[in-house]
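Visitor: This is the structure, below, for whatever I ask next.
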Amino acid sequence: MNYKLLSVLLFGLFSFTSSTKNTTKAPIFAENTTATFESKANSLYQSLQSNSFKLPQLESFSNALEGFYKLQQKGLIHNNILTLIDFSLSSNVKRLWVIDMDSNSILYHSLVAHGRNSGDEFANKFSNKSESFQSSLGFYLTGEVYQGKHGQSLRLDGVERGINDNARDRAVVIHGADYVSTSFIKQNKRLGRSLGCPALPQELTAEIIQIIKDQSCLFIYHPSGNYKVASKLIS
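All the letters of the sequence shown, read from the start, carry residue numbers 58 to 292 under the numbering used here.
Listed below in structure tokens is the structure:
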């Protein structure tokens with residue numbers, strides 16, 4: 058009888074000890090995963106071939122990279138190009154980067170417009186609603202090329218529900234515009250604004266569209282707390 062009682066007590070103690078070990082490992086694993094990604098992002102950033110272009114900020118690049126990898130793992134990216142737009146920056150400076158992820162090199166660095174109701178020189182309001190004439194943050198997949206009222210244009214599909222998934226219905230696309238130029242900035246003290254589209258300089262539009270078309274990743278960054286809470290693609 059005493060032997061049986063001792064066996065039961067030892068079994069219970071072993072079970073409790075095993076359970077305790079499992080619960081302590083989980084957060085350590087999560088922390089290591091985060092540290093591993095941050096280390097990889099920093100390494101890639103430091104090794105970016107700038108081709109004499111100015112580098113994006115590390116935070117915007119890291120966010121873009123995190124979402125890019127998640128979309129890639131889902132099999133949604135068919136063209137390994139990452140386009141990063143940083144709307145935390147003034148519209149008077151170049152704030153769009155086209156990055157070749159295979160060669161880890163910057164192909165283009167350009168001016169880009171935000172929506173007219175998103176702000177003047179700086180964008181600070183964002184919307185997914187039709188007729189808002191505001192830009193939408195987050196991750197997009199590039200679609201098909203077409204000829205529109207602005208000439209050659211590129212459709213975009215927002216992949217974040219409630220954040221930018223209304224982009225196609227809103228006709229938020231890549232297109233060229235005369236108001237996206239240094240001459241416009243000199244005359245008006247700020248870049249021109251679109252109806253919500255990330256509009257580009259006329260002279261670069263066709264080149265950039267050909268590089269980024271057919272399901273590459275485009276990310277529009279802004280350090281908005283609302284976006285960070287809502288997004289499932291950045292941590």
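Think of the CB as a built atom: it goes at the ideal place given N, C-alpha and C, for glycine as much as any other residue.
What ranges does the alpha helix (DSSP H) occupy inside the stretch 261-286, keeping only unbroken runs of at least 4 residues that lie completely in it?
Guide: Complete alpha helix (DSSP H) runs here, min 4: none at all.
Visitor: Where does residue 283 land, buried or exposed, given buried means 16+ other C-beta within 10 angstroms?
Guide: Residue 283 should be labelled exposed.
Visitor: Would the stretch 227-242 count as touching the stretch 206-214 if we require 3 or more Cβ pairs under 8 Å?
Guide: Taking 8 Å as the limit for Cβ pairs, the verdict is that the stretch 206-214 does touch the stretch 227-242.
Visitor: Please state the DSSP three-state secondary structure of residue 195.
Guide: If DSSP states are grouped into helix, strand and coil, residue 195 belongs with the strands.
Visitor: Taking all protein chains shown into account, decide if residue 115 is buried (16 or more other Cβ within 10 angstroms of its Cβ) or exposed.
Guide: The residue is exposed, with fewer than 16 neighbouring Cβ atoms inside 10 Å.
Visitor: Which of the three DSSP states is assigned to residue 102 in this structure?
Guide: Three-state result, residue 102: helix.
Visitor: Just tell me which of 121, 100, 101 and 113 has its CA closest to the CA of residue 289.
Guide: Checking every option, the nearest Cα to that of residue 289 belongs to 121.
Visitor: Under 7 Å, do residue 106 and residue 162 count as touching if we go by C-beta distance?
Guide: Yes.
Visitor: Return the CA-CA distance between residue 175 and residue 279, expressed in angstroms with no decimal places.
Guide: Approximately 12 Å, taken between the alpha carbons.
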